[in-house]
Amino acid sequence: MPEGDTVFRQAAQLHRALTGHRLKSCDLRVPDYATVDLTGHRIDDVTAHGKYLLIHTGGMIIRSHLKMDGVWHLYPLADGTPRWRRPGHTARCILSTAEHQAVGFALGELVVFPAMELSQQQSHLGPDLLGADWDPQEAVRRLRSRPERPIGLAVLDQRYLAGIGNVYRNEICFLHGVHPATPVAEVVDLPGIVDTAHRLLQVNRLRSRRVTTGSATAAVRSWVYGRDGQLCLRCRGRIHRAELGEEQDRRRGRTDRIIFFCPHCQPQT
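The sequence shown begins at 1 in UniProt numbering and counts up one residue at a time.
In structure tokens:
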């Protein structure tokens with residue numbers, strides 16, 4: 001599941017290959033921007049902000065969000081037209097330089113706006129867990145702004161801190177022995193939860209395989225996420241699966257309402 005670390009890693013890959021090179025072609029396959037053509041402009045930077053990937057070129061920014069199924073692929077052009085690893089009809093953005101072609105497949109969101117509007121366009125986001133200006137105190141303050149909200153929903157809210165998805169939500173709650181349904185006001189160590197989130201995303205930001213249980217060679221990569229019915233790595237009890245979501249999540253059928261937890265290690269009060 002794409003989360004902040006996934007986006008950071010893909011942005012870093014695109015940055016290394018594209019920054020400083022001019023676009024030989026630009027194909028945006030979404031109706032609102034189908035006529036936008038940035039061919040000839042130099043790519044100035046590729047960055048990540050929370051779950052958004054930002055491509056800076058020609059005084060504009062191409063912003064994408066992976067949602068559930070999106071991914072960016074990078075193909076070398078040394079041997080001619082590349083063979084894509086995803087179906088062509090799912091391509092939403094195709095950017096080519098003399099040496100590489102970057103293709104965004106199944107992107108959940110793709111928008112283009114002037115670079116001068118960046119702050120405004122991203123103003124709804126909380127502190128970026130992988131950003132150079134990461135501010136843990138501000139993240140804690142925002143989480144505490146709604147003390148009655150379940151911690152498992154609060155940490156998913158990108159307005160509070162940017163970059164956490166369902167995998168990290170479940171893993172962070174387990175590591176702190178907190179049931180995801182626990183109200184923020186009852187969480188004993190909220191700064192600790194914020195710090196754990198930061199450290200987990202930092203250590204995984206350039207890994208090809210996300211691991212929250214130890215080293216990259218760990219046999220079991222997660223404590224509870226996706227492990228319903230399996231044995232807890234701490235107490236050997238059974239991991240449970242349930243749902244936790246607000247009404248709008250249920251109406252939209254959002255899959256990130258699914259939670260995983262150990263009833264013994266994370267008792268619900």
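A virtual CB, placed ideally from N, CA and C, is assigned to each residue, including glycine. From a predicted model like this one, the values you see are computed outputs, not experimental measurements.
- Put simply, the backbone Cα of Cys-26 is about 16 Å away from that of Gly-88.
- Taken atom to atom, the span from the alpha-carbon of Glu-138 to that of Leu-156 is near 16 Å.
- Check the Cα spacing between Pro-2 and each of Ser-208, Gly-192, Leu-95 and Trp-84: the tightest is with Ser-208.
- The three-state reading of DSSP puts Arg-149 in coil, since its state is none of H, G, I, E or B.
- Shown here, Glu-3 sits in coil according to DSSP, grouped into three states, outside any helix or strand.
- Rounded to the nearest whole angstrom, the CA to CA distance from Leu-18 to Arg-85 is 20 Å.
- Counting only unbroken stretches of 4 or more residues, the alpha helix (DSSP H) elements lying wholly within the stretch 109-179 are 118-121, 136-143, 151-154 and 166-175, in sequence order.
- In this structure, the alpha-carbon of Ala-216 lies about 20 Å from that of Gly-165.
- The stretch 171-186 and the stretch 144-161 touch, with three or more beta-carbon pairs separated by less than 8 Å.
- In this structure, Lys-67 and Val-7 do not form a Cβ contact; the two beta carbons are roughly 11 Å apart against a cut-off of 8 Å.
- Burial check for Arg-199: the Cβ neighbour count within 10 Å stays below 16, so the residue is exposed.
- Within a 10 Å sphere around the beta-carbon of His-49 sit 16 or more other beta-carbons, which makes this residue buried.
- Here the alpha carbon of Ser-96 sits roughly 51 Å from the alpha carbon of Gly-237.
- Assignment of Arg-9 by DSSP, reduced to helix, strand and coil, places it in the helix class.
- Per the coordinates, the alpha-carbon of Leu-28 lies some 13 Å from the alpha-carbon of Gln-101.
- Bridge partners of Asp-45 according to DSSP: His-56.
- Counting every other CB atom within 10 Å of its CB across the protein chains shown gives His-264 a total below 16, marking it as exposed.
- Collapsing the DSSP output to three states places Ala-242 in a strand.
- Inclusion of Gly-192 and Gln-266 in the CB contact set at 8 Å is not warranted, their separation being larger than that value.
- Burial state of Thr-35 is exposed, judged by a 10 Å Cβ sphere holding fewer than 16 other Cβ atoms.
- Between Arg-205 and Thr-212, the gap from beta carbon to beta carbon reaches 8 Å or more.
- The beta-carbon distance between Leu-190 and Val-140, rounded to whole angstroms, is 6 Å. This is short enough to meet the 8 Å contact definition.
- Around the beta carbon of Cys-235, a 10 Å sphere encloses fewer than 16 other beta carbons of the protein chains shown; the residue is thus reported as exposed.
- The Cβ atoms of Gly-108 and Leu-130 lie no closer than 8 Å to each other.
- Nearest in C-alpha terms to His-21, of all of Asp-5, Val-46, Asp-37 and Gln-10, is Val-46.
- Ser-64 is a Cβ neighbour of Leu-110, given a cutoff of 8 Å.
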